[in-house]
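Reviewing the structure listed below.
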Amino acid sequence: MENLIIEGVKSTYFTPHVTFNASTGECSIAGESYLEDTWDFYKPILAWLKQYTEEVKGPINFTFDLTYYNTSSSKCFLDIVKLLKEYKENGGQVTINWKHPEDDDDIREEAEDYKNFLGIDINIIAY
Amino acid sequence: MSKKFSFFHHYVNMSDDDILISYKGPMSDVIIHEISKEIQAKLAEDPKSGKKVYAIFIELAQNIFFYSSESTMLGGKTYRIGSIVLSQDEENYTLTTGNIVEKKWIPILWDRCEMINNADRETLRKMKFEQRDQGTMSTENSKGAGIGLIQVALTSAQPISVEFRDIDETKSFFALSVSVKKNL
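Chains as they are written, first to last, in my numbering: chain A, 40 to 166; chain B, 2 to 185.
Okay, structure coming up:
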């Protein structure tokens, strides 16, 4: 299985940097996420993760490292976290990290909500 | 469109407030981007509040971009029209957006804002999570996650104020205003 790498672009819209490594399971979404067609961007990302959990079946160390994202992006993050939760419940080895700028309470609160409402471990890391 | 736009009237009306940014017209993605850069630049000295104003602006501008019922054609593309104003007083930055909506949406918007204003923070967080969880984006008609207004209320941590004025049988003007405390 190939790695998934998408260079983040900052123009009229902002797409995040995506680096998913198929041999180590290190996955990260970093930067800013505000897109015209959010689903269009995140669909292949979810498809990659699904394929990894079905074919490679290796560990996943997933890191969200975003300084800004809009509510449509957050919907896709929820889909990702749910997929990771399902994988973990079926025996997969999953670690989720959520980094946020120290003074950004809004992102921290949201990470807490994913953790509490979904009942999954998330390491919330201020920097 | 034979009625002449009265700039004088417009200017006098707006002169009472300390306006940082004001725009009325087609809400294109380029305009949204430019205004968002302007917000970041103007509020750079107050980064925490500034980021909140920026995040709220994007959600409100996208509401106009996707849902305003007034539009214009430019270069073969349809652009939805709306208005957005960023003003300040000693304590707050205030974003106000205005756009035309179909009357049938008014009770829905009104109830939604009332519900948001009556809920405490914990309830809003739960509400946002549950609504985000409902339905997948791939099948949803809505372009966004449908939780923009709840996010706006959470980010601002102040009540949202809304106002409607009927324009004709089927359309109303919808104004929404929300503030962010300075120097958070």
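For every residue, glycine included, the Cβ atom is placed at its ideal position computed from N, Cα and C.
Asked: With 8 Å set as the bound, which would you pick, yes or no: does the beta-carbon of B:S83 sit closer than that to a beta-carbon of chain A?; Found: For the record, residue 83 of chain B in the displayed sequence is Gly; it is not Ser. Answer no: the Cβ-Cβ gap between B:G83 and chain A never drops below 8 Å.
Asked: Using a Cβ-Cβ cut-off of less than 9 Å, give me the residues of the region 75–91 of chain A that come near chain B, in sequence order.; Found: E75, D76, T77, W78, Y81, K82
Asked: Just how far apart, CA to CA, sit B:L75 and A:I146?; Found: 37 Å
Asked: Buried or exposed for A:Y126, going by 16 or more other Cβ atoms inside 10 Å?; Found: buried
Asked: Looking at B:K127: is its Cβ nearer than 8 Å to the Cβ of B:I151?; Found: no
Asked: Could you tell me the distance, in whole angstroms, from the CA atom of B:D169 to the CA atom of B:F175?; Found: 13 Å
Asked: What residues in its chain sit with their C-beta under 6 Å from that of B:F165, if we drop five residues either side in the sequence?; Found: I107, S173, F175
Asked: Would a check of beta-carbon distances place B:T98 closer than 8 Å to chain E?; Found: The chain inventory of the structure shown lacks chain E, comprising the protein chains A and B.
Asked: Give me the DSSP bridge partner(s) of A:T30.; Found: Since the first residue of chain A shown is 40 and the last is 166, residue 30 of chain A is not available in this structure.
Asked: Quick one, are the C-beta atoms of A:P83 and A:I68 less than 8 Å apart?; Found: no
Asked: Measuring CA to CA, which of A:I44, A:F53, A:F59, A:N155 is closest to A:G97?; Found: A:F59
Asked: Curious, which full-length alpha helix (DSSP H) runs of at least 4 residues does the region 73–124 of chain A contain?; Found: 77–90
Asked: Sort out for me which residues DSSP pairs B:Y80 with in a bridge.; Found: B:T73
Asked: Going by DSSP in three states, B:Q135 sits in which element: helix, strand or coil?; Found: coil
Asked: Please classify B:K49: does DSSP put it in a helix, a strand, or coil?; Found: helix
Asked: Could you check what DSSP says for B:I156 in three-state terms: helix, strand or coil?; Found: Checking the sequence, you will find Thr at residue 156 of chain B rather than Ile. Helix, per DSSP.
Asked: Give the range of the beta strand (DSSP E) segment to which A:W23 is assigned.; Found: In the structure as shown, chain A begins at 40 and stops at 166. Residue 23 of chain A is therefore absent and cannot be evaluated.
Asked: So A:L88 and A:L122 are in contact, right, with Cβ under 8 Å, and what is the actual spacing, rounded?; Found: 6 Å
Asked: Which residues in the same chain as A:T134 place their Cβ atom closer than 6 Å to its Cβ, once the five residues preceding and following it in sequence are excluded?; Found: N100
Asked: Taking the C-alpha atoms as reference points, what is the distance between A:G64 and B:L87?; Found: 44 Å
Asked: Can you name the residues that DSSP bridges to B:K183?; Found: Per DSSP, none; premise fails for B:K183.
Asked: Would B:N64 be called buried (16 or more neighbouring beta carbons within 10 Å of its own) or exposed?; Found: buried
Asked: Which one of B:N118, B:E131, B:L110 has the shortest CA to CA distance from A:F156?; Found: B:E131
Asked: Taking only beta-carbon positions, decide if B:K49 is within less than 8 Å of chain A.; Found: yes
Asked: To the nearest angstrom, report how far apart A:D79 and B:K5 are at their CA atoms.; Found: 42 Å
Asked: Below 8 Å on the Cβ atoms is my guess for A:E141 versus A:A165; work out the distance and round it to an integer in Å.; Found: 5 Å
Asked: Between A:Q132, A:Y108, A:G158, which lies nearest to A:K138 when the distance is taken from Cα to Cα?; Found: A:Y108
Asked: Can you give me, in chain order, the residues of the region 36–65 of chain B that have a beta carbon less than 8 Å from any beta carbon in chain A?; Found: P48, K49, K52, K53, Y55, A56, I59, E60, Q63
Asked: Closer than 9 Å by beta-carbon distance: list the chain B residues that pair up with A:E46, in chain order.; Found: Result: empty, since nearest Cβ-Cβ is about 19 Å, beyond 9 Å.
Asked: Which residue or residues does DSSP assign as beta-bridge partners of B:D19?; Found: B:Q89
Asked: So, helix, strand or coil for B:A1, using DSSP?; Found: Past the edges of chain B, shown from 2 to 185, lies residue 1 of chain B, and the structure says nothing about it.
Asked: B:T73 and B:S178 look like a contact to me (Cβ under 8 Å); what is the Cβ gap, rounded to whole Å?; Found: The Cβ separation is near 24 Å, so there is no contact.
Asked: How close, in whole Å, do the beta carbons of B:S70 and B:V102 come, if the pair is a contact with beta carbons under 8 Å?; Found: 6 Å
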